[in-house]
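For reference, the structure discussed in these notes is given below.
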Amino acid sequence: MQIELRNIRKYFGPVKANDGIDLTFEGGKIYGLLGENGAGKSTLMKILSGYQPQDAGEILFDGQLQNFSSPADALEKGIGMLYQDPLDVPAFSVKDNYLLGRDRRFVLNYQVASQELEEMTGRFNFQLDLQTTIDNLSLGERQQLELARLLVGGAQVLILDEPTTGISTEQKEVLFGSMRKLAREEGKTLILVSHKLEEVQELCDHAMVLQKGKLVGENEVPCSNETLVEMMFGRIPERSERPDAKFGDTVLELVDVQVPTYRLTIKNINLSIQKGEIFGLAGLEGSGQRLLLQACAGLLHPDHGKIMLSGQDVSGWSYHRMQNAGVGYAAAGRLEEGLVAGLTLEEHVELAKPKHSFFINRKELYKETETKIEQFQVVGSPVTKADELSGGNQQRLLFALLRDNLKLILLEHPTRGLDVRSANWIWEQLYLRREAGTAIIFMSADLDELFERSDRIAVFSGGVMSRILETKETSVDEIGHLIGGQA
Amino acid sequence: MDSSPLILTLASIVLASTPLIIAVCGEIITERSGIVNLSLDGSMLMAAMMGFIVALETGSIWFGFLAGMAVGALFAFIVAFGSIRLRQSQFAIGFVLTLLGDDLSAFLGQNYTRIPGPMVTHYPIPVLKDIPIIGPIFFNQDIVVYFAFILVAITWFWLFRTQPGLRLRSAGDRPEAGFARGVNINFQRYLYTIVGGALVGLAGASYSLNIKIGWSEGITRGLGWIALAIVIFGGWSPIRGMFGALLFGATKALATYLQRTFPEVSVVAFNAIPWVLMILVLLLVGSDFTERLVTIAPKSLQKPLQRLLRISPPQALGSTFVED
Amino acid sequence: MNSGRWMRWVWPAVPIVGALVVTSLLLVAFGAAPLEAFQAMYDGAFGDQSKTLSVLAFWIPLLLASTGLLITFRAGLWNIGIEGQIVMGAIAASWVALSLNAPAVILIPLEILAAMLAGGLWAGLSAVLKTRGKVHEIFSGLALNSIAIIFTNYLISGPWQPPEGGTFRGTAPFQPNALLPLYENSRFSPLSLVLAIIAFILVVIALQGTFWGLKLKAIGQNLRSAFLLGVSSEREMILAMVFCGALAGLGGAVRTLSWFDSLRQSISGGIGFMALLVVMLSNYRIFLVPPIAFFFSMVLNGSITLQLRTQLHSSLGGILTELMVLFVILFGDWTKLGFSRKKEDDG
Chain A
1 MQIELRNIRK YFGPVKANDG IDLTFEGGKI YGLLGENGAG KSTLMKILSG YQPQDAGEIL
61 FDGQLQNFSS PADALEKGIG MLYQDPLDVP AFSVKDNYLL GRDRRFVLNY QVASQELEEM
121 TGRFNFQLDL QTTIDNLSLG ERQQLELARL LVGGAQVLIL DEPTTGISTE QKEVLFGSMR
181 KLAREEGKTL ILVSHKLEEV QELCDHAMVL QKGKLVGENE VPCSNETLVE MMFGRIPERS
241 ERPDAKFGDT VLELVDVQVP TYRLTIKNIN LSIQKGEIFG LAGLEGSGQR LLLQACAGLL
301 HPDHGKIMLS GQDVSGWSYH RMQNAGVGYA AAGRLEEGLV AGLTLEEHVE LAKPKHSFFI
361 NRKELYKETE TKIEQFQVVG SPVTKADELS GGNQQRLLFA LLRDNLKLIL LEHPTRGLDV
421 RSANWIWEQL YLRREAGTAI IFMSADLDEL FERSDRIAVF SGGVMSRILE TKETSVDEIG
481 HLIGGQA
Chain B
1001 MDSSPLILTL ASIVLASTPL IIAVCGEIIT ERSGIVNLSL DGSMLMAAMM GFIVALETGS
1061 IWFGFLAGMA VGALFAFIVA FGSIRLRQSQ FAIGFVLTLL GDDLSAFLGQ NYTRIPGPMV
1121 THYPIPVLKD IPIIGPIFFN QDIVVYFAFI LVAITWFWLF RTQPGLRLRS AGDRPEAGFA
1181 RGVNINFQRY LYTIVGGALV GLAGASYSLN IKIGWSEGIT RGLGWIALAI VIFGGWSPIR
1241 GMFGALLFGA TKALATYLQR TFPEVSVVAF NAIPWVLMIL VLLLVGSDFT ERLVTIAPKS
1301 LQKPLQRLLR ISPPQALGST FVED
Chain C
2001 MNSGRWMRWV WPAVPIVGAL VVTSLLLVAF GAAPLEAFQA MYDGAFGDQS KTLSVLAFWI
2061 PLLLASTGLL ITFRAGLWNI GIEGQIVMGA IAASWVALSL NAPAVILIPL EILAAMLAGG
2121 LWAGLSAVLK TRGKVHEIFS GLALNSIAII FTNYLISGPW QPPEGGTFRG TAPFQPNALL
2181 PLYENSRFSP LSLVLAIIAF ILVVIALQGT FWGLKLKAIG QNLRSAFLLG VSSEREMILA
2241 MVFCGALAGL GGAVRTLSWF DSLRQSISGG IGFMALLVVM LSNYRIFLVP PIAFFFSMVL
2301 NGSITLQLRT QLHSSLGGIL TELMVLFVIL FGDWTKLGFS RKKEDDG
C-alpha cells in the first residue's frame, strides 16, 4: 500500500506545527522520521493515525482520499500507531485490553484472544505473560501487546513513536526483529519516529527530516551521520566570544549517581560543578537531563551514589530543604509547575520570599513587586494574574521569583518560547548571578544556546550521560552525534 | 421446622439488604464509567416517595417502580449533564441534589405519609424453597429480592465478560485508550450514569414498596451514603458490593439482637462498624499494604489474591475527558 | 463588548430568580398561592421579636460553620465532615456541662475551649487521613459524621441518659450555669454573636492579610506549583481543617448551650451541610457569606410558620435555598453555557 501525504497543515493558534508537508511512503519499507522536539513529527503522525484531524491537506492510500474519524477508524483502514506511552488500560487484564474495541461481538471470547495473542507472540518471539494485568508489565511488554493488537486489527502501516525509550536491549532486539519481519516478509510499511540516529541507521531504509513544521530533507539510509545531523539542526552557529569567567570552589558534586523512575533510569552520573560555572545539558526530551536536574533539586532521590552540595551529602534531602540550602529550580511548564494561574504577581513575590512575616504588608509588597517588575522588565502590574501574562513574561516572573544569593540554579529550558531579545536579557541576568558566584545548570533543546552560553556541556541520550565536553573544544557535529546516541 | 428465629433473621437480613444491593450495583456502573453520583441519598428518598405515590394512585406496583427509576435517572442525568456539558463540579452538583432530594421528597410526599399502600407480593419459589437452610433464606422471598441477586450476576457479567462492559470500564479507567479504540467516552458516561441512576431509583422505590411499606419523611435517609461507602470498600465490584450490603444488614440485625439481649450495654456502636471499615479499606487502598501482602503470600495464591484484593478506583473517576 | 459586561452584572440574578420561579410553580401545583407562602415565610422570620431573635440564634452556628468552611474551601478541600465537627463540639461542651460544677464564668469558657478542641481534632483526623493515608476528605468526612452521630446517640441513650430513662431524644437539661446567657426569653445568645463576629473578622484577616492565607490560596489552586514555590502542603491542609473544625465545634457548642439546653439527637440540625451550601452559593466570596447565611436562617425559620399557617411542609424553605444553589452551580457561569464569543483554543 502506498501512503501519500499532500500539503498537510496543522496550526495550534499561532504555532505552525505542520506547515505544508508532502511525504510518500511505500509498502515493504522502513522509514525513519527525524527531527528536534517541536519539529512536528508527533503532530503529523497523530494526524496520519487518526487521532486528530488536519487543518488542511490530504491523505491518500493508493491514490484514494482518506478521512479518519478516529484512531479506530484509521486502524480499520489499515493504519495503526504505537505511542510512546501505549494507549492501553493499565487496570485491565492482558486479554481484556486486547479485546477492547476489537469487534462487535457481545460476549468476550477469551479463547480466541489467547489463540491470537499466542500466535502473534510466537511469530515475533515476544515473551509475554498473558495471564496478568497491564500494569504488571514492563513498558517493552506493553509495546509488544499494542503491536500485536494493531497487527491483528489489520494494520498495514505501523507508526512507532520513540519506541526504544525505556525498554531493555533484549526487548529492543526483539522489536527490531519483528519490524524487519513485518516489512520484508509481510510487505507492511513501518514508520519509526526517533531521534536516535544509530537506530535509524540500523533499521531504516529511508530517512525523512522535519524541522519547524516542514520537510527539510530526505535520504537513503544507511548514510553518514553528518548528513542527518545537518538536516536536523541546520547551520553551524556563529561562536561568540564568551568572557572567561573565574571559577570558585566545587559547589556541586555527583558521584556515581543513579536515579530510577518507571520509564527511565539514569546511571553512572559523575559530575563536578564549580562556583560561577554554567553547565549545559543537551539531548532530546526524555533522555534523562530532566531527571538529573530534579535529582539535584531534591525532587527525586538517587538510589545509588551521592550528591554533595558544598561538600555536604544532600542525597536524601527534600526539595524544601534544598531550597533553603540555596538551590533554586525553575521548571519548564510555567503554569503547571511554577506559577499559580489565579494568583497575582505580588502574591507570587510574597510566596517566593525565603523569610515571611505573619501579616502581609500590602503597601510594601506592592512596592517590592513594582521594583521586581521593573528589574525584570515584566509587562504587567502587581495585581495582574499569572495566567494573564504572556509566555515570555511568565518566564521573567519565574526568574524574578528566584531567591538572591543562591549557590546553584537549575533551569529547564530557560528561554523556550521567548523571542531573541527576552532570551538575551534572561542570560544577562544569569551572567550577573554567575559573577556573584552562583553555579548554573540548564537544559535546552537549542544547540545555539548551549554553545553560546555554557562553559561545559554534557549530552544525554537514552538515559546515558556522555563524557563532559569543554564548549571551546567541541562542535555542533559532535553534539549532534552524541544526541544521536553514539558515545 | 425451618422457621427458627435464626433462619427468619437471616431471611429478613437478605430482604432488608435488597435496596442497598441494587443501589450499589447502580452506582458501581456509574462510577466505573468515571462519574461520581453523590446524589444517591436524595435520589433514593425521591424515588421512594414517587414510587409509593405512583403505585398508590395507579394501583400498580410496576408503575411505581418505573416512576422510581425515572426519578433516579433524572437526578443522575443532572449530575452527568452538569459535569460533562457544563463542566461544573460533580461533587457540588451531587451534593446539592442530595439535600434537595431530601427536602423535595418531604414536601411532595407530605399528603401521603403513613398511608398503607400496595406491596410487592411474596413469591416463594417452589422446590428451591424447601432446600434446608438456604431455601427459606433466599428462595422464600419476593420478586424484588430475586431481581437484586440476578442484578448482581448481570452487572458482573456485563462489566467483566462483555464488550460493552470493556468500553464502559475504559471510560472510567483510561478514556484516552478507549477513545483510541473507538469508544465514545462521553456517551458511555451519560448512558451508564443514567442507567445507574435508574437502578438507584429502583432501589429507593423498593424500599417504600417492599420493605417499609408506605412513605414517611426520610425513610431511606442514610442509605445512599452507605451505598457510596460500600461501592468503595467493595472495590467497585458487584459481587463484593453485594457482600458488603449483606454485611451491613447483618451488623444492623446483630446490633438489634444484642440490644435486646444485653439492654445495659449500649451496642449502638455496632452501627459504626461499616464506617470504620470504610476508612480502613480506603487506607489500605492508598498505601501499598496490599501489594506487600501479595508478595508475602505463597506463589500459587498470589494471582488470585491479587485479583481478589484489587480495590483501586477507576483511574479517571471524577475527571473530564475532552476529545482532541 | 457592551453585551458582555451587561451580562456579567445581570446574569448572577438569573439562577436566583429561576429558583424562585420553580418554587412558586411548586406551590401553585399544591394549590397554594406563592405570594401568600412567601409572606408566611417572611412573617415567620420577622413577625415578632421572638421570631427575629430565633432567626439570629439559628444564624450564629451557621455563620460559624460557614466561616470555617471558607478556610477549607480556600485550600481546595471538600470538608463534608463539618457535620461531625459540629457534633463533636457539642458533645465536648456537653461533657463539660455535665461533669463540672462551677460558676458560669468558668464553665462557659471551658465549654467553648473544649468544643473548639474537639471539633478541631475531629477535623484534624480527616486531614491526617488525607495527607498520610490518601483517603479523600469526602469519604473520611462521611464516615466521621456518622460516627459522631452514633456516638451522640450512644451517649444520650447510655451514660448520659436523663434520670427518667432514655427517650433517645436528648440528655437532661444542663445546669443553668452551663448555658449561654440568653437575651430575654429567646434562644439568642449575644455572647455567641460576639464570638461569631470575632471569628469572622479573624478569618477574613487570616485569609486576606496573612501569609498563611496566601499559602492556602496557592494550595487550593495548584498544589504542584505551590510546592515548588516552597509551600508545605501537608501542614497547611491540616491546619486549615483544624481551624475549620474548631469553628464548627464552637457552632456546636452554641447549638447545645443556647438553641437547646442539652445534647440532642440531631444536635446540628443539618447546619453543617447548610453551611456548605451557603459558601457554594456565595461563590466563595467572603463578604457574601454572612448575609447569605442570614438569608438561609430566615428562610428556614420562616418555613416553620409556613407550615403552621398554610399546612405546607416546612421543607419548602430548604427547597428554595437548594434550588438556588443548584441553579447557581449549573447555570451561574454563563461563559460555560456557550453564550460567550471566546473560542476555546488550546493547542
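Chains as they are written, first to last, in the numbering used here: chain A, 1 to 487; chain B, 1001 to 1324; chain C, 2001 to 2347. All residues carry an ideal CB built from backbone N, CA and C; glycine is no exception.
Could you tell me which residues DSSP pairs with residue i in its beta bridges?
| i | result |
| --- | --- |
| residue 18 of chain A | A:10 |
| residue 219 of chain A | A:207 |
| residue 329 of chain A | A:410 |
| residue 1122 of chain B | B:1142 |
| residue 489 of chain A | Only positions 1 to 487 of chain A appear in the structure, and residue 489 of chain A is not among them; the question remains open. |
Residue i touches chain A at which residues, Cβ-Cβ below 9 Å?
| i | result |
| --- | --- |
| residue 1033 of chain B | Residues of chain A passing the Cβ test: none, with the nearest at roughly 13 Å. |
| residue 1188 of chain B | In chain order: nothing, as chain A lies at least about 12 Å away. |
| residue 1163 of chain B | 99, 100, 101, 102, 103, 104, 105, 106, 107 and 108 |
Residue range of the beta strand (DSSP E) that residue i falls in?
| i | result |
| --- | --- |
| residue 456 of chain A | 456-461 |
| residue 411 of chain A | 408-412 |
| residue 256 of chain A | 250-260 |
| residue 58 of chain A | 56-61 |
| residue 2298 of chain C | Premise fails: residue 2298 of chain C lies in the alpha helix (DSSP H), 2289-2310, not in any beta strand (DSSP E). |
| residue 272 of chain A | 265-274 |
| residue 282 of chain A | 278-282 |
| residue 33 of chain A | 30-34 |
What residue range does the alpha helix (DSSP H) around residue i cover?
| i | result |
| --- | --- |
| residue 2094 of chain C | 2082-2099 |
| residue 1207 of chain B | No alpha helix (DSSP H) contains residue 1207 of chain B, which DSSP labels as neither H nor E. |
| residue 1041 of chain B | 1040-1058 |
| residue 1163 of chain B | 1163-1173 |
| residue 303 of chain A | From DSSP, residue 303 of chain A is part of no alpha helix (DSSP H); its letter is neither H nor E. |
| residue 2024 of chain C | 2013-2029 |
| residue 1075 of chain B | 1061-1084 |
| residue 1102 of chain B | 1090-1108 |
| residue 177 of chain A | 169-184 |
For residue i, go through chain C and note every residue whose CB falls closer than 8 Å to its CB, in chain order.
| i | result |
| --- | --- |
| residue 356 of chain A | 2211 |
| residue 331 of chain A | 2228 |
Please report the Cβ distance between residue i and residue j, rounded to the nearest whole angstrom; I am assuming they are in contact, meaning their Cβ atoms lie under 8 Å.
| i | j | result |
| --- | --- | --- |
| residue 2066 of chain C | residue 2299 of chain C | Residue 2066 of chain C to residue 2299 of chain C, Cβ: 15 Å. No contact. |
| residue 134 of chain A | residue 103 of chain A | So it is not a contact: roughly 20 Å between Cβ atoms. |
| residue 2322 of chain C | residue 1096 of chain B | 6 Å |
| residue 282 of chain A | residue 259 of chain A | Between residue 259 of chain A and residue 282 of chain A the Cβ distance is about 18 Å, and since that is not below 8 Å, they are no contact. |
| residue 25 of chain A | residue 47 of chain A | Contact doesn't hold; Cβ gap of about 14 Å is too wide. |
| residue 2162 of chain C | residue 2172 of chain C | 4 Å |
| residue 1034 of chain B | residue 1175 of chain B | 7 Å |
| residue 2094 of chain C | residue 2263 of chain C | 4 Å |
| residue 2191 of chain C | residue 2180 of chain C | 6 Å |
| residue 291 of chain A | residue 273 of chain A | The Cβ separation is near 17 Å, so there is no contact. |
| residue 1253 of chain B | residue 1013 of chain B | 5 Å |
Can you pull the chain C neighbours of residue i, defined as C-beta to C-beta under 7 Å?
| i | result |
| --- | --- |
| residue 340 of chain A | 2218, 2221, 2222, 2225 and 2226 |
| residue 325 of chain A | Neighbours of residue 325 of chain A on chain C: none; closest Cβ ~13 Å, over 7 Å. |
| residue 1103 of chain B | 2315, 2318, 2319 and 2322 |
| residue 262 of chain A | Neighbours of residue 262 of chain A on chain C: none; closest Cβ ~18 Å, over 7 Å. |
With a threshold of 7 Å (Cβ to nearest heavy atom), would residue i be considered close to the ligand MN?
| i | result |
| --- | --- |
| residue 350 of chain A | Only the bare structure without any ligand can be found here, which leaves the ligand MN out of the picture. |
For a contact defined as C-beta to C-beta under 7 Å, what are the partners of residue i on chain A?
| i | result |
| --- | --- |
| residue 2084 of chain C | By Cβ distance, chain A contributes nothing, its closest Cβ being about 30 Å from residue 2084 of chain C, past 7 Å. |
Would you mind telling me which residues of chain C sit closer than 9 Å to residue i, beta carbon to beta carbon, in chain order?
| i | result |
| --- | --- |
| residue 347 of chain A | 2214, 2217 and 2218 |
Given that residue i touches chain B, what residues does it touch there, using C-beta distances under 8 Å?
| i | result |
| --- | --- |
| residue 2073 of chain C | The premise fails here: residue 2073 of chain C is roughly 11 Å from chain B at the closest Cβ pair, so nothing lies under 8 Å. |
Applying a beta-carbon distance threshold of less than 8 Å, which residues of chain A neighbour residue i?
| i | result |
| --- | --- |
| residue 2231 of chain C | 351 |
Residue ranges of each beta strand (DSSP E) within the region 373-406 of chain A, 3 or longer: Complete beta strand (DSSP E) runs here, min 3: none at all.
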